[in-house]
Amino acid sequence: MLLENLNKFLYLLKKLKINNQITAPELRVADETGQQIGIMSREEALKLAQEKKLDLIEFAPMAKPPVARVMDYGKYLYREEKENKKQRVKQRQDTLKIIRINLNTGLNDMKIKAEKADEFLSDGLRVQVELVLKGRAKYHKTFADLGRQKIETFLKMFNAPTKIISELKKQPRGFNVIIAKK
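The sequence shown begins at 56 in this note's numbering and counts up by one.
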C-alpha cells in the first residue's frame with residue numbers, strides 16, 4: 056500500500072513542474088480559485104506565488120504560453136489521491152461476484168448464499184451463480200434437469216428484484232447465470 060502511494064506520488068512529481076522547475080519564460084497564470092490572472096513572466100508568477108505563500112504549478116507545458124496555477128501543491132496532491140481512490144472504488148463496483156452451489160446444497164445453505172448474493176446486489180455488483188456438477192453428473196440428462204431446477208429455485212430466493220444479464224448456460228463444469236439488480 057505504502058509503495059503504491061509512493062509510486063503515484065512520484066508519478067505526479069515527474070508529471071508536473073513546480074516553482075523553480077518551470078523553464079518557460081512566459082506563463083498564463085491562474086489563481087487558486089481558477090480565476091485567470093493573465094500572461095506574465097516566470098519571475099513575476101513566482102513572486103506572486105511566494106507573496107501568497109503558495110506554489111506555482113505548471114499544468115499545460117505544451118500550450119502557448121504554458122498554463123500555470125498558483126495553489127498549494129500538497130493540497131493538490133491530496134485532492135488527486137482522493138479522486139484516484141474514488142475511481143478505484145468505482146472500478147471495483149463493476150466486478151463480478153461468484154456464488155457456487157451444487158446438487159447436494161441444502162435449502163438452508165442456499166438461503167444463506169442468497170442473502171450474501173443480496174448484499175452483493177445491493178452494493179451494485181453483478182453476481183454469477185454457478186451450479187457445479189461433478190463426475191458422471193456432468194453427462195447425465197437427469198442431473199442436468201435437476202441442476203436447472205436447483206438454480207431456478209435459488210434465483211427465486213432473492214429479496215431484491217433482479218434481472219438476468221446472461222441466461223442460464225451449460226458450461227463444461229455445470230451451469231451458470233449472471234444477474235444484477237434491477
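Glycine included, every Cβ here is placed at the ideal spot set by N, Cα and C.
Exposed unless 16 or more other CB atoms sit within 10 angstroms - verdict on K205:
buried
Q.
By the three-class DSSP mapping on this structure, what secondary structure does L67 have?
A. Low confidence applies to L67: its pLDDT is 48, below 50, so where it sits in the model is not reliable, and the reading given next is rough at best. Helix.
Could you say which of L162, P227, E174 and I219 lies nearest to R191 if we only look at CA atoms? P227
Is the CB-CB distance between Q183 and I153 below 7 Å? yes
Exercise. Note down, in chain order, each residue of its chain lying with its Cβ closer than 7 Å to the Cβ of L67, except the 5 sequence neighbours on either side.
Key: Any reading at L67 is ruled out, since the residue's pLDDT is 48, under 50, leaving its predicted position unreliable.
query = Going by beta carbon distance, what residues of the same chain come within less than 8 Å of V232, once the five residues before and after it are set aside?
reply = Q183, V184, I206, L210, I219, S221, E222, L223 and K224
Using the beta-carbon count (16 or more within 10 Å), is N214 buried or exposed? exposed
In or out: M117 buried (at least 16 other Cβ within 10 Å) or exposed? exposed
Original post:
Excluding sequence positions up to five away, which residues of its chain have a Cβ less than 8 Å from the Cβ of V187?
Top reply: R155, I156, N157, R228 and G229
- Helix, strand or coil for L101, going by three-state DSSP, please let me know. helix
- prompt: Quick one: Cα of I77 to Cα of K236, how far?
  reply: 51 Å
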